[in-house]
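Down below is the structure, laid out as structure tokens.
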Amino acid sequence: MGTAIGITGRAKRASWIAALSTALLSLPLQADYNPRVSPEPGGVAVIELPNSIGEGTPEVYFRGQRVYTMNRAYNQKSDDRWVAWIGLSQNLAAGKHTVQIRQPGGRNRNVYLDVVAPEQNVVKRIVSNGKLRTGLTPSQENRIRQEKAMIDSIIKGWQGTGAPDKRPFIHPTSGGDLIKPFGQRVFYNNEMIFNQNGIDLSGQRVLAPADGRIVMIKDLFYEGTHVIIDHGGGLFTQYSHLARVNFRTRQGQAVKRGEEIGKIGRSGHQIILGKSFAAPLKTPMLHWRVSLNGVYVNPELFLDKAETKSY
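Sequence positions in the sequence shown follow mature numbering (1 follows the signal peptide of the UniProt record, and there is no 0) and run -31 to -1, 1 to 280.
Shown next, in the form of structure tokens:
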């Protein structure tokens, strides 16, 4: 028998969040940081697990992917509890989903997470009798597939090392303006051809938003000069379209919160619907992505609220 966590239904969103804040996040003031809760596709769920610290370290899985867990006090009067951060993919259906807990000694159990429908479903659908024309050459298409698979293998791989910073992210562009928000998806005859799986920002310098380790520096077709940082626990950040990386930035090295990793540029390509799938960037920008347990989530959920007030 599992345990239900959450309340379904858009009409009950306010009560869901209020209940979650009270029942799941009743923490002492010195508690570790958590991303802002947004139990909808592209959001993050933070749940208390029915495991006490004395039961040992659980392995927690959501849709086959291991998720980050940490231990902390449930509230001032209770025993310590395990907490899970769960990234919710943009194409995740609203409703009840199973969270699997694998306990040392084989004492496994399930709990259930309710995902609510988004307030705004930012989806555009194009229906046509004709085949989609991209203008890409076969070699370009093959390169794009290989590069996507390479990135997926990194962000879906469980490194098992370190843990995310215990502070909110700092802004990666020192407060640059928002050019395009997270979330838009475009489908052509039910095939997704565009997915805004990050946010686009203006600015000049690119800063590491939290401590981590650089696991990729590479020139890619769409992303251009591209950097990936592993922050531990299945949390990764990505930085696309850089003009250059900092001369001290090297793959495999540790980076500190606020350390400059590069300059914003316009390397790589972009999709302009109806024109080209390999259009050059006209304006310098940073495409910033955050992934958790292998899926892309809204980066703003990891920023301090003061850094998102203009969004």
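Ideal Cβ placement from N, Cα and C applies to all residues, glycine included. All figures in this text were calculated on a predicted structure; none of them were measured in a lab.
Checklist entry - What do you reckon, are the CB atoms on W51 and P27 nearer than 8 Å? => result Translated into the one-based positions of the sequence shown, residue 51 becomes position 82. Translated into the one-based positions of the sequence shown, residue 27 becomes position 58. Contact flag set, yes.
Next on the checklist: If you measure between the beta carbons of G172 and G145, is that distance less than 8 Å?
Outcome noted: Working through the sequence shown from its first residue, we reach residue 172 at position 203. Working through the sequence shown from its first residue, we reach residue 145 at position 176. Yes, the Cβ-Cβ distance between G172 and G145 is below 8 Å.
Checklist entry - So, using beta-carbon positions, are D180 and H200 closer together than 8 Å? => result Position 211 of the sequence shown, counted from the start, is the residue given in the question as residue 180. Position 231 of the sequence shown, counted from the start, is the residue given in the question as residue 200. Cβ atoms of D180 and H200: closer than 8 Å.
Next on the checklist: So, with DSSP's three-state summary, where would you put K274?
Outcome noted: Counting from 1 along the sequence shown, the entry for residue 274 is found at position 305. If DSSP states are grouped into helix, strand and coil, K274 belongs with the helices.
Checklist entry - So is V96 buried or exposed if we call it buried at 16+ other beta carbons inside 10 Å? => result Numbered from 1 along the sequence shown, position 127 holds the residue referred to as residue 96. So V96 ends up on the exposed side.
Next on the checklist: Measuring straight from C-alpha to C-alpha, what distance separates R114 and E88?
Outcome noted: Sequence index remark: in the sequence shown, residue 114 carries index 145 (1-based). Sequence index remark: in the sequence shown, residue 88 carries index 119 (1-based). Straight-line Cα distance between these residues: approximately 32 Å.
Checklist entry - Smallest Cα separation from P4: which of T142, I55, P19? => result Taking the first residue of the sequence shown as position 1, residue 4 is located at position 35. Residue I55 is the option with its Cα nearest to P4.
Checklist entry - E247 to R78, Cα distance in whole Å? => result Translated into the one-based positions of the sequence shown, residue 247 becomes position 278. Translated into the one-based positions of the sequence shown, residue 78 becomes position 109. Checking the displayed sequence, the identity of residue 247 turns out to be Ala instead of Glu. If I take the Cα positions, the gap works out to 48 Å.
Item to check | Boundaries of the beta strand (DSSP E) in which E160 is found, first to last residue | outcome: What you label residue 160 is simply residue 191 of the sequence shown in a count that begins at 1. Note, E160: beta strand (DSSP E), 160 to 164.
Checklist entry - Using the C-alpha atoms, what's the distance from Y30 back to V224? => result Along the sequence shown, read from residue 1 onward, the residue named residue 224 stands at position 255. Along the sequence shown, read from residue 1 onward, the residue named residue 30 stands at position 61. Going by the C-alpha atoms only, they are around 28 Å apart.
Next on the checklist: With distance defined between alpha-carbon atoms, name the residue in D273, L261, H195 nearest to G126.
Outcome noted: Residue 126 sits at position 157 when you count from the first residue of the sequence shown. Nearest of D273, L261, H195 to G126, Cα basis: L261.
Item to check | Where I120 falls: helix, strand or coil (DSSP) | outcome: Locating residue 120 in the sequence shown gives position 151, counting from the first residue. Note: I120 maps to helix in three-state DSSP.
Item to check | Contact belief for Y2 with K135 at Cβ below 8 Å, rounded distance in angstroms | outcome: Here residue 2 is taken as the residue at index 33 of the sequence shown, counted from 1. Here residue 135 is taken as the residue at index 166 of the sequence shown, counted from 1. At roughly 5 Å, the Cβ-Cβ gap stays under 8 Å, so Y2 and K135 are in contact.
Checklist entry - Going by DSSP, what residues sit across from W127 in a beta bridge? => result For this step, residue 127 is matched to residue 158 along the sequence shown. DSSP output for W127 lists no bridge partner at all.
Checklist entry - For S245, which residues from the same chain have a beta carbon less than 7 Å from its beta carbon, with the 5 sequence-adjacent residues on both sides left out? => result Here residue 245 refers to the residue found at position 276 of the sequence shown. If we look at S245 and ignore the five residues flanking it on each side, its Cβ neighbours are G104.
Next on the checklist: Quick check on DSSP: helix, strand or coil for R94?
Outcome noted: Counted from its first residue, the sequence shown places residue 94 at position 125. Three-state DSSP puts R94 in a strand.
Next on the checklist: DSSP three-state label for Q72, please.
Outcome noted: As a working mapping, residue 72 is identified with position 103 in the sequence shown. If DSSP states are grouped into helix, strand and coil, Q72 belongs with coil.
Next on the checklist: Suppose you measure from the CA of L255 to the CA of G99; what does that come to, to the nearest Å?
Outcome noted: By one-based count along the sequence shown, residue 255 stands at place 286. By one-based count along the sequence shown, residue 99 stands at place 130. Roughly 34 Å separates the two Cα atoms.
Checklist entry - For K9, does the count of other Cβ atoms within 10 angstroms reach 16, so buried, or fall short, so exposed? => result Your numbering for residue 9 matches position 40 in the sequence shown. Checking the displayed sequence, the identity of residue 9 turns out to be Glu instead of Lys. Under this definition E9 is a buried residue.
Item to check | Limits of the beta strand (DSSP E) - the one that R240 falls within | outcome: Taking the sequence shown and counting its residues from 1, one reaches residue 240 at position 271. First, the amino acid is wrong: residue 240 is Ile here, not Arg. Here the beta strand (DSSP E) through I240 covers 238 to 241.
Checklist entry - Which one or two residues does DSSP pair with residue 304 in a beta bridge? => result What the structure shows of the chain is the stretch from -31 to 280, and residue 304 is not part of that stretch, so it cannot be assessed.
Next on the checklist: Using 8 Å as the threshold, is the C-beta distance between R258 and N164 below it?
Outcome noted: Stepping through the sequence shown from its first residue, residue 258 is reached at position 289. Stepping through the sequence shown from its first residue, residue 164 is reached at position 195. Cβ atoms of R258 and N164: not closer than 8 Å.
Item to check | Q207 classed as buried or exposed, judged by whether at least 16 other C-beta atoms fall within 10 angstroms | outcome: Your numbering for residue 207 matches position 238 in the sequence shown. With 16 or more Cβ atoms within 10 Å of its Cβ, Q207 is classed as buried.
Checklist entry - How would you call T218, buried or exposed, if buried means at least 16 neighbouring beta carbons within 10 angstroms? => result As a first step, residue 218 must be located in the sequence shown, where it is residue number 249. Buried.
Checklist entry - By DSSP, does S209 sit in helix, in strand, or in coil? => result The residue labelled residue 209 in the question sits at position 240 within the sequence shown. DSSP places S209 in strand when its eight states are reduced to three.
Item to check | Whole-angstrom C-beta distance between R32 and G203, which should lie under 8 Å | outcome: Locating residue 203 in the sequence shown gives position 234, counting from the first residue. Locating residue 32 in the sequence shown gives position 63, counting from the first residue. G203 to R32, Cβ: 13 Å. No contact.
Item to check | Within 8 Å, strictly: CB atoms of L250 and H195 | outcome: Locating residue 250 in the sequence shown gives position 281, counting from the first residue. Locating residue 195 in the sequence shown gives position 226, counting from the first residue. It is not a contact, given that the beta carbons lie outside the stated cut-off.
Next on the checklist: Going by DSSP, what residue range makes up the beta strand (DSSP E) through I183?
Outcome noted: Translated into the one-based positions of the sequence shown, residue 183 becomes position 214. 181 to 189 is the extent of the beta strand (DSSP E) around I183.
Checklist entry - Any heavy atom of the ligand FMN within a distance shorter than 7 Å of the CB on D134? => result The ligand content of the structure shown is nil, which means the ligand FMN is not present either.
Next on the checklist: Could you check whether G12 and L82 sit closer than 8 Å to each other, using their CB atoms as the reference points?
Outcome noted: Start at 1 with the first residue of the sequence shown, and residue 82 comes out as number 113. Start at 1 with the first residue of the sequence shown, and residue 12 comes out as number 43. It is not a contact, given that the beta carbons lie outside the stated cut-off.
Checklist entry - For E229, does the three-state DSSP call read helix, strand or coil? => result Along the sequence shown, read from residue 1 onward, the residue named residue 229 stands at position 260. If DSSP states are grouped into helix, strand and coil, E229 belongs with the strands.
Next on the checklist: Which residues does DSSP list as the beta-bridge partners of K65?
Outcome noted: The sequence position of residue 65 within the sequence shown is 96, counting from 1. Paired residue(s): D83.
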